[in-house]
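Colleague: Residue numbering for the sequence shown follows this note's numbering, beginning at 5 and increasing consecutively. Note that CB positions come from ideal geometry on N, CA and C, so glycine has one too. Below is the structure I would like to discuss, written out as structure tokens.
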Amino acid sequence: MAQRATTAVDAAAEMIRRKRCQQSLHSFALNINIPGAPMDALCPDEDLVGPARDLMTAHHALMYQKLQDTMNTPYGRLMLFLPPGAAKSSAANVAMAWDMSRPPHQQGDKRLIMVSYNDKIVAKQSGRVQTMCKSPEYQLWDDKVRIVTDAKGEWSLSNGAELMAAGILSGITGSRADGILIDDPVKNREDADSELVRDKTTDEFNDSIMTRLKPGAWIVLILTRWHESDLAGQLLPLDYDGRSGMIRCTDGMDWDVV
């Protein structure tokens, strides 16, 4: 069967779709294949690739909206508290791929940093972001992946956007970032119950991560709350009662807590 010729209506529809994906993280997530996204409700989060369209739930849509709002806000601050298996890492990866396609808030190339509980897991997440950036769907922006140092630890796009990935206890060094996303700063309840691990994590956040921010940079903290004195607990005020919304935290900043 002969392939149908592209019409003016088709071209206009494609232009609208591309514009929506550029402006909306939620639309972007619905139109790109996501590495690690489960193919159905019973499928574990493994090295599979699929669209989010069929499995997008209300909490996924809320995550994408909050991530977009934070990335669009100078000095944006966001904490997302979610249980294991809530697809929070997949949402984080999609958000990083989307933001890398956009121009920085200030002059110069955009630089983003991904952080997790160790180098291996965050390199895997960075690799998934890179997979999205290499996909045909991502060529909405015609941005090509260009390796900087290695395949997953640090790389950039042809638009100048760079992504660095590091474990939180590895010491974050180098150039300052336009945005930092921390996904699960501790591995599990056992680590969260360790006062030593909690103290080291908090020290690295204060001494390394907070010193890597450009003026106006955003921060996202996504985690399962295993312990009340975890990193989020160190930031939240003493009278925090579990509510969602804008919360003035101990660092003097207003964080959107969900």
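So if DSSP puts Phe85 in a beta bridge, which residue, or which two residues, is it bridged to?
Modeller: To locate residue 85, count along the sequence shown from 1; it is residue 81. Phe85 pairs with Leu227.
Colleague: Between Glu158 and Leu167, what straight-line distance do the alpha-carbon atoms span, to the nearest angstrom?
Modeller: The residue given as residue 158 occupies position 154 in the sequence shown. The residue given as residue 167 occupies position 163 in the sequence shown. C-alpha separation (whole angstroms): 6 Å.
Colleague: Could you tell me whether the Cβ atoms of Asp3 and Gly175 are closer together than 8 Å?
Modeller: Limits of the chain in this structure are 5 at one end and 262 at the other, which puts residue 3 out of reach.
Colleague: State the Cα-Cα distance for the pair Ser94 and Asp188, rounded to the nearest angstrom.
Modeller: On the sequence shown, position 90 is the one that residue 94 refers to. On the sequence shown, position 184 is the one that residue 188 refers to. Ser94 and Asp188: Cα-Cα distance of roughly 12 Å.
Colleague: DSSP on Asp182, reduced to helix/strand/coil?
Modeller: Indexing the sequence shown from 1 puts residue 182 at position 178. Three-state result, Asp182: strand.
Colleague: Between Ala236 and Leu242, how many whole angstroms is the CB-CB distance? I'm expecting something under 8 Å.
Modeller: Stepping through the sequence shown from its first residue, residue 236 is reached at position 232. Stepping through the sequence shown from its first residue, residue 242 is reached at position 238. Actually they do not touch by this definition, with Cβ atoms about 13 Å apart.
Colleague: With H, G and I counted as helix, E and B as strand and the rest as coil, what does DSSP make of Gly164?
Modeller: Here residue 164 corresponds to residue number 160 of the sequence shown, with the count starting at 1. Here Gly164 sits in coil by DSSP.
Colleague: So, at 6 Å on beta carbons, what are the nonlocal neighbours of Asp195 in its own chain, with the 5 sequence-adjacent residues on each side left out?
Modeller: Residue numbering aside, residue 195 sits at position 191 when the sequence shown is read from its first letter. Excluding residues within five positions, the ones whose Cβ falls inside 6 Å are Val201.
Colleague: Does DSSP put Ala90 in a helix, a strand or coil?
Modeller: Working through the sequence shown from its first residue, we reach residue 90 at position 86. Coil at Ala90, not helix or strand.
Colleague: Is DSSP giving Leu239 helix, strand or coil here?
Modeller: Residue numbering aside, residue 239 sits at position 235 when the sequence shown is read from its first letter. Of the three classes helix, strand and coil, the one that applies to Leu239 here is helix, per DSSP.
Colleague: Give the secondary structure of Leu217 by DSSP, where H, G and I count as helix, E and B as strand, and everything else as coil.
Modeller: Within the sequence shown, residue 217 is the residue found at index 213, counting from 1. Correct three-state label for Leu217: strand.
Colleague: I need the straight-line Cα distance from Gln27 to Leu116, nearest angstrom please.
Modeller: In the sequence shown, the residue the question calls residue 27 occupies position 23. In the sequence shown, the residue the question calls residue 116 occupies position 112. Straight-line Cα distance between these residues: approximately 19 Å.
Colleague: Let me check understanding here. Comparing Cα to Cα, which of Leu173, Val13, Met60 lies closest to Ser31?
Modeller: If you number the sequence shown from 1, residue 31 lands on position 27. The option with the nearest alpha carbon to Ser31 is Met60.
Colleague: Excluding five sequence neighbours on each side, which residues of the same chain lie with their C-beta closer than 6 Å to the C-beta of Ala91?
Modeller: Counting from 1 along the sequence shown, the entry for residue 91 is found at position 87. None.
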